[in-house]
Amino acid sequence: MTTLRRLLATIALGVLIVAGALGAGILFGKPAATDEVGGYGVASDDSVQGRPYRGDAEREAALVSAERGRLDLVREVSATAPSRMTWLTGPYRVPTTPAATLVLPPREDPYTLAELEEAAPDSVATQADGSILVQENVVALAGATLDLSTGGDALRLRSGADGFVSIITLGGGLIAHGADQAPLAITSFDPASGGTDADTSDGRAYLRVIGGTVDLQHAALEDLGFWSGETGGLALTGTDVPAQPETGDAGTESGVTPTLSASELAALTDGVARPGGTVSGTISDVTATGNAFGLFASWTTKLAVSGLRVHGSLVDGIVLNRSVTATTIESSESTGNAVDGIVVERSSSGITMTGVTASHNGRNGLSIDARPMALGPSATGSPAVEYGDVHLDGGTVAGNAGYGLRIDGGEGITVTGTDVTGGVVGIALDDGASGVEVAGNRLAGQSRQALSINGGVEGRVHDNRISGVDTGVRIHDASAVVADNEFTDITNHAVTLVGTATGVRVTGNTVAGDGAKPFSDRASGGYFARNDVDAWEQRVTATSVVRTIAQPLTIVWVALGVLLLFTAVAGFRHHHGRAEREAERRPLTELSPGIVTAEELRGKA
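Per this note's numbering, the sequence shown starts with residue 10, numbered consecutively.
Structural data, given as structure tokens:
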């Protein structure tokens, strides 16, 4: 074998050793866990706040304050007028600005629009196109019911640069019925443009029920409300003041001071209108488009919502604000709203949502905040208790800009049978929520994690199908059981543990994907068992090769290969130098023709 061939063979052997070292590292080495955002970074919607409100904040807030002042004036007048003005036997007008307020006193039969048009033509009038225009504010007192049903004609509420009107019940009832195929249209109306009022900066017409009952069926609300929940379009706002006072059993005496009996108290208060108490009732087959808030509810109980469709609200779609209890939302949707689709705020509980859709909203599909109102003594004396008992079943949450569902705190919250697709994180659990159950859902296509569990959360995640995400479940300083889930097309980790994971049990899951590795455990206290990872394929990428090379065993093999190459090159140089030196010692036969005979020498002589 020639020297060149020996050199080439040595180099080939070295290359083979280096390649073998790399291959051994890739096949048998343990790659370093990724620190990429998708693997360990919890998604934060701090940068996803929804689409900005397009109105005039300072001006609209002042208009909300002015509306409160107007209602206070109406309350004061209605409390004293009957006793001082005995001739007031029916509706009367209070001169408020910018429009007068028509007050409907208590009576047994509902007030109708036709009746109001006859009694107060300045307040309600039929237009040339058959629509009914409400030109002044209307307030129904406790004991009065207002029926807005028109028999098929559109109901328009004046709203423009020169002012707006509202329809409000103060402890009374509100009815609005359309037909199944011909919903009652209730819209704002701008006389200057001849269409709905799209500008909220100068206020906008709205409907509000303050205590009492609501019955809306087959109606379409459009371009109503501005700035606040109570003036947001369709607002149901009860109070914590009971509709009737509590009474004792019998009159007693304490020393020389008498105590009124229950019958005496009832006789003194009989017939006195006291606005207050919660709102209850029914909303069925109603569409709300372009309102400030699609539906805003607080201090509401036993509210039954079905077939509600909210689209394009300027803030949130459906808001269950404070003390909403025993409420159901069925077969309803909230889509394309500027901020959140559905919001359940602190102090609300006993909420059941079945078959709802929350999609393509500017921030979250659903936001549920069940944390305590206070953590201790507070100025308002709020109870320091967890809320919860909120249930979502059989819904669709898709394409929201932030989270699909965000759940902060609370007890006994369940998400079952729901499709959650898109968004940054599918379901985010935080702030010590306990007794949470996430089961039987399908989560797919999130940009970071399907589920993010943080902040001391305790719950169970089981029997879900999770696919097409970077990381399936990320648990950080929380305790959760992750069991019997199916993970497919995972590109980083199926389950990632970070921080303290005491109580975390990851068992019985089926995992398929081609990421760094199926499970990443950088926490203390986690437990993995009986998980099926046979379908997992570790992806070989430039990054993974770099990580592999960084392993100690791989470095040793590469160093040996480099040493062998160095030795081979050094040996070749030594051999080549020796050959050159030997070339200088040429034999005599190479310097002369050979032996010369005497005869040849004589002949030449």
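Virtual Cβ for every residue (Gly too), placed ideally from N, Cα, C.
The structure displayed is predicted, hence computed values, not measured ones.
By the criterion of a C-beta distance shorter than 6 Å, T296 is surrounded in its chain by A229 and R318, once the five residues flanking it on both sides are discounted.
Note: N146 is bridge-paired with T110 in the DSSP secondary-structure output.
The residue among L155, G139, L125 and A137 with its C-alpha nearest the C-alpha of D118 is L155. In the displayed model, G397 falls within a strand according to three-state DSSP.
Between the alpha carbons of T337 and G464 lies a distance of about 29 Å. Counting of Cβ neighbours within 10 angstroms places S307 among the buried residues, the total reaching 16 or more. A direct Cα-to-Cα measurement between T516 and V491 gives close to 6 Å. Going by C-alpha positions, E67 is about 47 Å away from A510. A Cβ-Cβ separation of about 16 Å leaves V470 out of contact with V507 under the 8 Å criterion. Where D439 is concerned, the enclosing beta strand (DSSP E) starts and stops at V434 to D439. The C-beta distance from D325 to D294 rounds to 21 Å, too long to fall under 8 Å, and the pair is not in contact. Distance from N370 to N330 at the Cβ level is roughly 17 Å; contact not present, criterion being Cβ atoms closer than 8 Å.
Here F198 is bridged, per DSSP, to R167. Collapsing the DSSP output to three states places R63 in coil. Non-local beta-carbon contacts of Y396 in its own chain, meaning distances under 7 Å to residues more than five positions away in sequence, involve R355, S356, S357, S358, A379 and G419 in chain order.
Counting along the chain, the unbroken beta strand (DSSP E) around E446 starts and ends at V445 to A448. DSSP places S140 outside both helix and strand once states are collapsed to three, so it counts as coil. Shown here, T89 sits in a helix according to DSSP, grouped into three states. In the same chain as A149, and ignoring 5 residues on each side of it, the C-beta atoms closer than 6 Å to its own belong to L113, L155, T178 and G181, in chain order.
Secondary structure at V288: strand, using DSSP grouped into helix, strand and coil. A check of alpha carbon separations from H227 across G234, Q190 and W545 identifies Q190 as the nearest. Taken in chain order, the unbroken stretches of beta strand (DSSP E) that lie wholly in the region 302-384 and span 3 residues or more are 302-307, 309-320, 327-329, 333-339, 342-344, 351-353, 358-363, 366-368 and 375-378. Bounds of the beta strand (DSSP E) holding L216 are Y215 to I219.
In chain order, D156 place their CB closer than 7 Å to the CB of T121, counting only its own chain and leaving out the 5 sequence neighbours on each side. Counting of Cβ neighbours within 10 angstroms places W236 among the buried residues, the total reaching 16 or more. With a cutoff of 8 Å on beta-carbon distance, V520 and A489 are scored as not near each other. Contact between H502 and A525 holds, with the beta-carbon distance rounding to 7 Å and staying under 8 Å.
In the structure shown, R79 falls within a helical segment according to DSSP collapsed to helix, strand and coil. Between R167 and V143, the gap from beta carbon to beta carbon is short of 8 Å. DSSP places S74 in the helix class (H, G or I) of the three-state scheme.
In the three-state reduction of the DSSP assignment, L122 falls in the helix class.
Rounded to the nearest whole angstrom, the C-alpha separation of Q458 and I499 is 10 Å. When C-alpha distances from A153 are compared across I219, G203, R77 and T366, the shortest belongs to I219. Residue N346 holds the alpha-carbon nearest to the alpha-carbon of S322 among V314, E342, S92 and N346. Just measuring C-alpha positions, the residue of A71, D523 and Y536 sitting nearest A544 is D523.
In summary, G78 is exposed, with fewer than 16 beta-carbon neighbours lying within 10 Å of its beta-carbon over all protein chains present.
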